[in-house]
Structure formats: C-alpha cells, structure tokens
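Structure first, then comments.
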Amino acid sequence: MTKFAPATEFQRPLDDTYQLAYFRFSQLDDERYVLTNQAGEYLLLPRAVLASFIRHELPSTHPAYSRLRSRQFLFDASSNIGKELLALKVRTKARRLENFTSLHIMVVSLRCEHSCPYCQVSRQSEDRSAFDMSEETAEKALALIFQSPSPAIKIEFQGGEPLLNFPLIQHVVHRAEAINKVAGRSLQFVITTNLAVITDEILEFCRVHRILISTSLDGPATLHNANRPRPGKNSYELAVAGIHKARLALGHERVSALMTTTKASLPLAREIIDEYVRLDFPGIFLRPLSPYGFAVKTKSYAAYDVDRWLDFYFDGLNYILELNRNGIPFKEFYAATILTKMLTPFEPGYVDLMSPAGIGISAVVYNYDASVYASDEARTWPKWATRHFCSGMSTKTPMARFSGPTLSSILSSNLLQAPYRCAPTALTSRSVAPIQYSIPQRRATLLASKRGRDSAIAICRSSRG
C-alpha cells in the first residue's frame, strides 16, 4: 500500500526564505512548464523561473512569487494560512468520499436486440432469458443498496437492454420506494436504454415514478445505424422516435444521450454535433471506445489510435466553441468536467477521473447472476475481476465488503497523487494527476499485452490532450 513520507521530508532548512509545497511539473513547450499541486491548482512558469524557484533562489519581489504563494506552491513566514488553505482545498475535493457509494447499477438482463460491435458487455441474444435477473436476486441487491450510508441513492438499470426485463424493473422500483419510506434517502432511478422497445405503458410508469432515461445516439442516421445494427436496420429511427416520445411523456430535461466514437465517426465530428444540436440536447460527451467486452473481441477498440481520436476530439471541441460564439449555447461535457477540476476546488464526481478510483466507493454493480462488482468496467472482464473486484450477494455490509485489504490495496495503488509513473513517456511526471484516468481495471486490461501497454500510454496521452 502507498506510504506517507515522514514529516522531516517536507521541513525546510532554517536558512531558506520559503518552503516548497509538494507539486508536480511537466514541460509544456520549449519555454514553459506547467505546475500542479495536490489541490489541482496550476501555474505556467518559464524554465528559468522554475529552476530558480526549485533552488530556493526566487526573490519575493519577483512577479511569480506572489502567484506561487497565493496558490499554495510555496509557504513563507509572511503568513501561516497557506497550509491551512491547501488542506481545505484538498478536503473540499475529497468531500464525496465520506458519502460512500451512491450509484448502484443493476444489470437486469444481458439480452439485447441490438448487436453493436463496440458493446462493452458481452450481450446475449433476445431469446436467452437465462440471462435475466430474478426477483430473488433483485431483493438481495436492494438489501445491500440500502445498507449504504450515502444520503442519496441512484439505482441505474442497465443491460443488455434492460427494458426486455421490464417487469423486474417495476418490481425493483416498487420495492425500493417502499423501503425508502423508512430509510428516507434521496432516491432516484435511471433506465439506460436504446429506446427500440419503449412503449406508452413503460413511459407512463417512468412518469409516475420520475424515472430518468439515458439513451445512445452516435450521430446522423447512416452512422448510428452502422454503429448500432439491429433487425430492420432502423436503430436510428427508433432512437429518435423514442427520444421525442420520452420527452413528451417525461419532460425534455429528463432524457439524455451518449455517443461512442468508432472509426466511422472520426471524419464526422461536426455532423455528430449538428445532430445533437438539431435534437435540442444541451451538449455532448465526446468519448472514445473502452477496451472491454465486444469492443475487444471484434477489434473495434484497436480501429483507431490516439492521434486520430485527438484530431476528432479537437475538431469537435473547436466546432462547439464556434457554435457558442455564434449564439448557440452548447457544451462539451468532458471538457467541462476537466475545467471544473482544474479551475475550481470542487470534484464533479466523474468516476473515471476520480482519485482514488471510484470503484466500490462511488459505484457498485449488481449483476444478473447475483455477483457484485466494484465497478461497471469490472463486470466486462469477469476472469480478472473475480480475483479483484467481484463478490457474491452475501449478508456482508457494504463497509465490510469494500473496506477489506484487496480493495484498499487497489485504491491505494491508484491514487493519482501517488508519485508513480503512468507510462514511459516524456509527460509522465504526473503533473496533471488530478485530471487523469484512475480506473485500475482499464489499466490492467491494457497492460496485459504489449499492444495493451501501448494503448495504456495512449490513454495517458489522450487524457492530457
């Protein structure tokens, strides 16, 4: 497990005029370096100024001195408040940890009538009902969910296509609401669905119980239908019709969409964004493929490299900035998340970028077969997850289940504040650690092979942009 250095490591010599706070730095270009500290504060410094600062030779009259002090990169005798401010900022960023697990994902079925080649899970055909969660398993999951100390509980129904087991969703919602009359939590439900099998009956149930809808929209019709094939070759038409229908029944803001970038998406960044604008979504999350499930089996994950992905991403981001300059308000949610982490003391709660990693302490997955995973990604690699991230629905409390040595060791080793090197590149000083990926099973998946190690380096490059 990660150990703390002794206090003497951070004490300054008596003849120093200032004390260095713990920080990281990386070269930004030929002249400038970027510095970040434990709270995510950052500064740009010329190479000569950085060298002078590190050697304790930076005079207090230098313009950079006051900036370094105000952002807690150095402490001096002029004030005792610097360390307290830094500690407050770090505590603020970590405030979510005390609430423990709030997101509970129930995989109610692996069945799906789509056959998306990039699917992160190994979905089953529509007629294989052996891959549905039973009421008995659902009851065990609910018992565990309400043992979480979190004041807010979100139950998200996933698949496969979860609506193929809609009777179980109804059962879980009714039971959770009944339990919550005593528990008194802030309770929310989300159904992640492709909308192909949505009905008026389902939407009425969602309206009555205030259930949110999350769907997939990869872009214009040709692209979406190619990425997400189904019988009838009409996944786009059904998705768009379902979006309109769900908005009418539930309210415009209660329906959201996510896209996934395939090789076919790469030349179409602006067309994809135009589709989201046309359908009146407030923004888009431009995201690459993940190395799990069918995305690996079908080699979809290896279809493009990080350079092509970054070209796609920045083309899309620049277009979004252009739209905003032209009076069309529209967000890119990944950039918004990064900027929130960089420019504010607050943690937006995006699990992929949390430190420590959000596994077990931010999200838990209850699989259809009564296994429990510490993250959504872990269930996509059962062979490895069984040793590290998986358990059964026993009577253990969540604290007992996820406070043992295995998960503690994994979380400790994936603290981005820890000074390990993420990949053998010129940018591995971890200077941007507060905004890098922290999912250990993603790293383990990629490091399992030489090609994977190259991909792990690519993920580091991608997160740095």
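The sequence shown lines up with residues 151 to 615 when you count with the working numbering. Ideal Cβ positions, reconstructed from N, Cα and C, are used throughout, including at glycine. Treat the numbers as computed from the prediction; the structure is a model and nothing was measured.
Here residue 279 is not bridged, per DSSP, to any residue. In this structure, DSSP gives residue 348 a state outside helix and strand, which the three-state scheme calls coil. Residue 405 sits buried, since 16 or more C-beta atoms from the chains shown fall within 10 Å of its C-beta. Within the model, the alpha-carbon separation for residue 400 versus residue 340 is close to 12 Å.
Cβ-Cβ separation between residue 436 and residue 466: approximately 5 Å, consistent with a contact (criterion under 8 Å).
The beta carbon of residue 307 sits closer than 6 Å to the beta carbons of 256, 258, 319, 341 from its chain, once the five residues preceding and following it are set aside; these are given in chain order. Residue state for residue 256 is assigned as strand, using DSSP reduced to three classes. Boundaries of the beta strand (DSSP E) around residue 187: 182-187. Inclusion of residue 421 and residue 244 in the CB contact set at 9 Å is not warranted, their separation being larger than that value.
With a 10 Å radius around the Cβ and a threshold of 16 neighbouring Cβ atoms, residue 316 comes out buried.
Assignment of residue 261 by DSSP, reduced to helix, strand and coil, places it in the strand class. In the three-state reduction of the DSSP assignment, residue 464 falls in the helix class.
Between residue 325 and residue 302, the CB-CB gap reaches or exceeds 9 Å.
When C-alpha distances from residue 200 are compared across 174, 188, 330, the shortest belongs to 174.
For residue 233, the enclosing alpha helix (DSSP H) stretches over residues 231-243. Note on geometry: alpha-carbon atoms of residue 397 and residue 364 lie some 11 Å from one another. Cα atoms of residue 329 and residue 518: separation of roughly 21 Å, rounded to the nearest angstrom. Secondary structure of residue 293 (DSSP, three-state): helix.
Between residue 193 and residue 182, the beta carbon gap of about 10 Å keeps them out of contact (Cβ cut-off 8 Å). Judged by DSSP in its simplified three-state form, residue 479 adopts coil rather than helix or strand. Residue nearest to residue 241 within the set 293, 188, 280, 213 is 188 (criterion: CA-CA distance). Taking a 10 Å sphere around the C-beta of residue 368, we find 16 or more other C-beta atoms and assign the residue as buried. When only Cα atoms are considered, residue 520 and residue 248 end up about 27 Å apart. Between residue 311 and residue 378, the C-beta gap is not smaller than 9 Å, which leaves the two residues out of contact. In this structure, residue 411 keeps its C-beta atom at 9 Å or more from the C-beta atom of residue 464. By the criterion of a C-beta distance shorter than 8 Å, residue 222 is surrounded in its chain by 171, 187, 189, 191, 232, 233, 235, 236, 239, once the five residues flanking it on both sides are discounted. In its chain, beyond the 5 residues on either side, 364, 365, 366, 367, 435, 437 have a beta carbon closer than 8 Å to the beta carbon of residue 408.
DSSP, reduced to helix, strand and coil, places residue 317 within a helical segment of the structure shown.
Measuring C-alpha to C-alpha distances from residue 281 to each of 264, 268, 309 identifies 309 as the nearest. The Cβ neighbour count for residue 380, taken over all protein chains shown within 10 Å, is at least 16; the residue is labelled buried. Take the alpha-carbon of residue 354 and the one of residue 483: they are about 30 Å apart.
Taking the Cα positions, residue 474 is about 21 Å away from residue 492.
Proximity to residue 460 across 504, 413, 424, 501 peaks at 413, based on C-alpha coordinates.
Between residue 514 and residue 254 a beta carbon distance of about 6 Å is seen, short of the 8 Å cut, so the two are scored as contacting. Ranked by Cα distance from residue 298, the first of 264, 335, 428 is 335.
Going by DSSP, residue 341 is part of the beta strand (DSSP E) stretching over 336-342.
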